[in-house]
Amino acid sequence: MIELKSPGEIERMAVTGQFVGGLLGELSGVAAVGVNLMDLEHHARRRIKERGAESCYWDYAPSFGNGPFRHVLCLSVNDAVLHGLPHDYVLRDGDLLSIDMAVGIDGWVADSAVSVVVGTADPADLKLIEATEVALEAGIEAGRPGNRLGDISAAIGAVARRYGYKVNGEFGGHGLGRTMHEAPHIYNDGRPGRGMKLEPGLTIAIEPWFCATTDKIKFDNDGWTIRSADGSRTAHSEHTIAITETGPRVLTRRPEPGEGAASQIKQAAANS
Numbered sequence: 000m001i002e003l004k005s006p007g008e009i010e011r012m013a014v015t016g017q018f019v020g021g022l023l024g025e026l027s028g029v030a031a032v033g034v035n036l037m038d039l040e041h042h043a044r045r046r047i048k049e050r051g052a053e054s055c056y057w058d059y060a061p062s063f064g065n066g067p068f069r070h071v072l073c074l075s076v077n078d079a080v081l082h083g084l085p086h087d088y089v090l091r092d093g094d095l096l097s098i099d100m101a102v103g104i105d106g107w108v109a110d111s112a113v114s115v116v117v118g119t120a121d122p123a124d125l126k127l128i129e130a131t132e133v134a135l136e137a138g139i140e141a142g143r144p145g146n147r148l149g150d151i152s153a154a155i156g157a158v159a160r161r162y163g164y165k166v167n168g169e170f171g172g173h174g175l176g177r178t179m180h181e182a183p184h185i186y187n188d189g190r191p192g193r194g195m196k197l198e199p200g201l202t203i204a205i206e207p208w209f210c211a212t213t214d215k216i217k218f219d220n221d222g223w224t225i226r227s228a229d230g231s232r233t234a235h236s237e238h239t240i241a242i243t244e245t246g247p248r249v250l251t252r253r254p255e256p257g258e259g260a261a262s263q264i265k266q267a268a269a270n271s
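When we follow numbering that gives the first Met the number 0, the leftmost residue of the sequence shown carries the number 0, and every step to the right adds one.
Structural data, given as structure tokens:
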């Protein structure tokens, strides 16, 4: 069942989205050579607790995965693209890191993801990240009342092909609001003019993700981490948006990371 949100409910989701966007901005701004993934995880845990928010990931137990998820971030490195488990790994020069998070505040959820290169960037990695970001913006632009769900999917797929990437259809965007995953499912490729009509009040997460040279994936033994089947690099971008009378409204826009956030997490890591 799809629940359309009132303008007031969208404003409450926007509060959560502002927090998610801000924290992702912090984390992406401080992910650097020598930073341990667990430093990022623990920083996020502290910030979520300080805000009085709740992680949507903690204790999440879908049909895949080995047991409940016991982290507040998904941290996926290089050929890992989705659901990467934070673990004792120190980021290296040139690593491609995807950071994904979803939290709830006062019963309303927002979900977002960003990919960054740590240290020296390979132009091919920057192109891959750019493709996901351009596809995300194209999908958002298609999220206008009167359009169809397939228009969003087709816009994402068209960008992927323009950049020379294939699209995997197994995981994509989704509705959200009171919970992290609601109807409808949003494929990262499709046919324009197909699917449900977009109406004001629909709130969705749009999340294009691409692998550099394949559309096939594999799971790690942990049951969570999803990687490209051929070991090629991957990237993932995501925003929560609301369909409004005047067009799409992005609820999880990120501010530019600042030095204050970088100093805070580095100091916390040094004291841990």
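The beta-carbon is built from N, C-alpha and C at its ideal position, and this holds for glycine as well.
Under three-state DSSP, which class holds residue i?
| i | result |
| --- | --- |
| Met-100 | strand |
| Ile-1 | coil |
| Lys-48 | helix |
| His-41 | helix |
| Asp-110 | strand |
| Thr-233 | strand |
| Glu-53 | strand |
| Val-34 | coil |
| Val-117 | coil |
| Val-89 | strand |
| Leu-125 | helix |
| Val-133 | helix |
| Gly-246 | strand |
| Gly-13 | Checking the sequence, you will find Ala at residue 13 rather than Gly. Note: Ala-13 maps to helix in three-state DSSP. |
Between the C-alpha atoms of residue i and residue j, what's the straight-line distance to the nearest angstrom?
| i | j | result |
| --- | --- | --- |
| Pro-61 | Gly-222 | 11 Å |
| Lys-165 | Asp-214 | 5 Å |
| Gly-16 | Val-76 | 24 Å |
| Arg-11 | Asp-78 | 36 Å |
| Thr-202 | Thr-119 | 37 Å |
| Leu-197 | Glu-244 | 10 Å |
| Gly-156 | Phe-170 | 13 Å |
| Ile-142 | Asp-110 | Contrary to the premise, residue 142 reads as Gly rather than Ile in this sequence. Looking at the two C-alpha atoms, the distance is approximately 17 Å. |
| Phe-63 | Ala-234 | 21 Å |
| Gly-192 | Thr-212 | 29 Å |
| Val-116 | Val-29 | 11 Å |
| Ala-13 | Pro-183 | 20 Å |
| Gly-230 | Tyr-162 | 19 Å |
| Gly-176 | Gly-7 | 12 Å |
| Glu-258 | Pro-247 | Confidence is the limiting factor: at Glu-258 the pLDDT is only 37, short of 50, which leaves the residue's position unreliable and the question unanswerable from this model. |
| Leu-3 | Asp-188 | 24 Å |
| Leu-250 | Gly-20 | 8 Å |
| Leu-26 | Gly-145 | 36 Å |
Assuming residue i contacts residue j under a Cβ cut-off of 8 Å, what Cβ separation, rounded to an integer in Å, is found between them?
| i | j | result |
| --- | --- | --- |
| Trp-208 | Leu-81 | 6 Å |
| Cys-210 | Ser-227 | 4 Å |
| Ala-154 | Gly-138 | 5 Å |
| Gly-93 | Asp-121 | 6 Å |
| Asn-35 | Val-113 | That pair is no contact at about 19 Å. |
Beta strand (DSSP E) runs wholly inside the region 138-224, at least 3 long, in chain order: 172-174, 181-185, 202-205, 208-210 and 216-218
Between the region 68-75 and the region 96-113, do at least 3 Cβ pairs fall closer than 8 Å? yes
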